[in-house]
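In the numbering used here, the protein residues as written are 139 to 641.
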Amino acid sequence: MCRPQRPHGEHAGIQHEKIIHRIKKLMSLHDLRTHAGRSYKRRYVMAAENAEKYAYKLVKKIRMRILDVPGAFGKVALELGKHGAMLGDITKVHVTTQYVTRDIVMFFDNEEQFEDTIQAIGEFKGYKILSVEDEVLSIHKGGKVAMIPTVKMETLGDLRMIYTPGVAQACKYIDEHPQSASDLTSIGNSVCIATNGSAVLGLGNIGVLAGMPVMEGKSVILHKMVGVSCIPLLIDSDHADIIVGTLHAVAKTFSIIMIEDIAAPLCFEVEQKLQQRVPIPVFHDDQHGTATVILATLIKTMQDLGKRKETVSIVISGAGAAGTATCKMLREYGFQNMVVCDSQGAIAGTRTKHMNAYKEEIARITNAGNETGPLKNVIKNKDIFIGVSSAYVVTQDMVRSMNKDPIVLALANPIPEIWPHEASQAGAAFALDGRTVNNCLAFPGLIRGTLDARATRITYPMKFAAAEAIADLAGKREGVPNFMNPAIHRRIAEAVKAAALPS
């Protein structure tokens, strides 16, 4: 085969300069389009649509032996497409003279689609399915966390210092100086994550056992991102006094208690009563972590759009734990014009039905114009929509009814109030969902900073510091920074610690 020769000498230099000039020209055009907003919206819509392809799919890893001939794997890919399934990662495991064995990750809409597809592929001559593995369940086998020692025990001398007789010296010192327990034990770096399983993700009241994987997941995040040791605690009760009493009894084991996935309004009662009884911070991530990352996103997106907190109008869909905490935090930060809607419509001082003490408090601090009616009416002429409610409660027409260049944060889990790409197509300048605006951005740094400051409470200034740090770390038109970067969480922790310590 005749191959084109590479340019060399002076001709190579000229060609190189032409290429560089072309790249710079393309980059310049890209910048202009980005500043005009068109390129950004196109890229954002494409990214959102691509992400949604894989959201909420069944993930299976199929180990398959295939004939090592041209087109053999293509036959598998074609069959997947025929059944509406999608390919993921492909890893070559073993090769012989006749066959190649691969691990193939596949995405399916449901079990029926999976079974039909696998049955069809299994009937191909020369193809053999060796194993099928559920990728998600596999990673959870045996649990995701464990208590492990932080010191070595390799000699008899080590044993005598770690346990008897040497441990008595540490016990006596703590007895004489109780404040030293945080330094001489794991207490100073330990967090309890407690749940009763009554509001797990978007799954509802599925009980404490089914809620354990979430507690373990948060424990992994806290350990990996900021080095915090967490102990999940399942409390099988729907009574506030029992939950509070249990946590009060074990509180001295920890430096922070996190309550998780407890349904509203029980979560409010548990948090308030427990914080009154224990001398360490009580943190409900569903409330305060969510509110913090929402505030961070608003700070950044409003900065990019030139909007001001004193003048923007906001509608919040959802008056549960996240919606209530968000409305309070935004109010405390200086946002003036807010209306909160629940399933019955706008919460207002004049409303008498479907109210409770917590919604009455919302009515006192929001909705100065006494707006009434359903969300589709309230959302009109608003600058910002914050959804912490239910799937598909917002339509494109509702987004179009908002003010120009609205911000849409559709955070319902697992399916948002409106898909981001649909909101963008309807005119939203920023449209994000819970996979991007996630409390995972907030709680690691908040917890680490609180521990480092030895704070006894997590205050609004500490949450504001976390939100502002998150916003500062986000790139232009990003909304939020990359969660997977541990340096992000360390920076947030530093800001929280600084806000907690006296100046």
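For each residue, glycine too, the CB sits at the ideal point set by N, CA and C.
Cα-Cα separation between residue i and residue j, rounded to whole angstroms
i, j, result
"Q413", "P419", "7 Å"
"A378", "R415", "13 Å"
"I630", "N475", "28 Å"
"Y496", "I432", "20 Å"
"A429", "I286", "33 Å"
"G644", "Q563", "Coverage of the chain is limited to positions 139 through 641, which leaves residue 644 absent and any answer about it impossible."
"V214", "Y265", "9 Å"
"V305", "L570", "53 Å"
"A189", "L341", "For A189, the predicted structure reports a pLDDT of 46, less than 50, and the residue's modelled location is therefore unreliable. The matter cannot be settled from this model."
"V238", "L205", "6 Å"
"N576", "V358", "16 Å"
"E616", "L360", "24 Å"
"A567", "P370", "40 Å"
"H386", "T574", "35 Å"
"R203", "R446", "60 Å"
"L297", "T391", "23 Å"
"A580", "T235", "53 Å"
"Y471", "S328", "30 Å"
"V582", "G613", "Strictly speaking, residue 582 in this sequence is Pro, with Val absent from that position. The alpha-carbon atoms of P582 and G613 are separated by roughly 20 Å."
"S451", "R240", "54 Å"
"A389", "A638", "21 Å"
"I626", "A308", "36 Å"
"D254", "P351", "30 Å"
"M536", "N515", "8 Å"
"G280", "L404", "31 Å"
"D480", "M244", "39 Å"
"V684", "M299", "Residue 684 lies beyond the stretch modelled for the chain, which goes from 139 to 641, so this question has no answer here."
"V231", "L268", "12 Å"
"G487", "R469", "17 Å"
"I256", "G427", "42 Å"
"A636", "I242", "48 Å"
Whether residue i touches residue j by CB criterion (8 Å)
i, j, result
"I517", "M540", "yes"
"A484", "A402", "no"
"T588", "V526", "no"
"K504", "V531", "The sequence shown places Thr at residue 504, not Lys. No, these two residues do not count as a Cβ contact at 8 Å."
"S318", "S393", "no"
"I228", "T333", "no"
"T435", "L547", "yes"
"G349", "G335", "yes"
"A609", "I437", "yes"
"D376", "M396", "no"
Boundaries (first-last residue) of the beta strand (DSSP E) holding residue i
i, result
"K542", "K542 -> no beta strand (DSSP E), and no H or E assigned at all."
"P370", "S367 to L372"
"I437", "From DSSP, I437 is part of no beta strand (DSSP E) but of the alpha helix (DSSP H) over D423 to L443."
"I394", "I394 to E398"
"A401", "Unbroken run through A401: none, as it is neither H nor E."
"R203", "L196 to L205"
"V477", "N475 to D480"
"V233", "M224 to V233"
"A332", "S328 to T333"
"V453", "S451 to S455"
8 Å Cβ shell around residue i - same chain, five flanking residues per side excluded
i, result
"N551", "L339, G340 and G572"
"G222", "D247 and Q251"
"G355", "K282"
"P312", "Contrary to the premise, residue 312 reads as Ile rather than Pro in this sequence. The residues are S318, A319, L322 and T323."
"C140", "Because the pLDDT at C140 is just 40, under 50, the model does not fix this residue reliably, and the point stays unresolved."
Opening and closing residue of the alpha helix (DSSP H) in which residue i lies
i, result
"M244", "Premise fails: M244 lies in the beta strand (DSSP E), Y237 to F246, not in any alpha helix (DSSP H)."
"T464", "A459 to Y471"
"V346", "V346 to V364"
"H386", "A378 to V388"
"V408", "L404 to R415"
"S320", "A319 to L322"
"D610", "Y598 to L611"
"I630", "P624 to A638"
beta-carbon residue i near the ligand NAP non-hydrogen atom, thresh 7 Å
i, result
"P303", "No copy of the ligand NAP appears in this structure; indeed no ligand is present at all."
Chain-order list of residues whose beta-carbon lies under 7 Å from that of residue i (same chain, five-residue window excluded)
i, result
"M622", "none"
"C578", "I359 and F621"
"K604", "Sequence check: residue 604 is Ala here, not Lys. T430, A580, G583, L584, I630, A633 and V634."
Residues near residue i in its chain [Cβ-Cβ closer than 6 Å; skip 5 each side]
i, result
"S528", "A550"
"E271", "K199"
"G456", "V526 and S527"
"D374", "V346"
"K277", "It should be noted that the sequence gives Ile, not Lys, for residue 277. Cβ within range, chain order: n/a, list empty."
"R160", "Only weak support exists for where R160 lies, its pLDDT of 45 falling under 50; the value from the coordinates is given anyway. Within the same chain, R160 has no close Cβ partners at all."
"R489", "none"
"E560", "Q534"
CB contact check: residue i to chain D, cutoff 8 Å
i, result
"S393", "You won't find chain D in this structure, because it holds only one protein chain."
If we require 4 or more residues per run, which alpha helix (DSSP H) segments fall completely within the stretch 510 to 589?
513 to 516, 534 to 538 and 558 to 563
Secondary structure, beta strand (DSSP E): runs of 3+ residues fully inside the stretch 238 to 315
266 to 272
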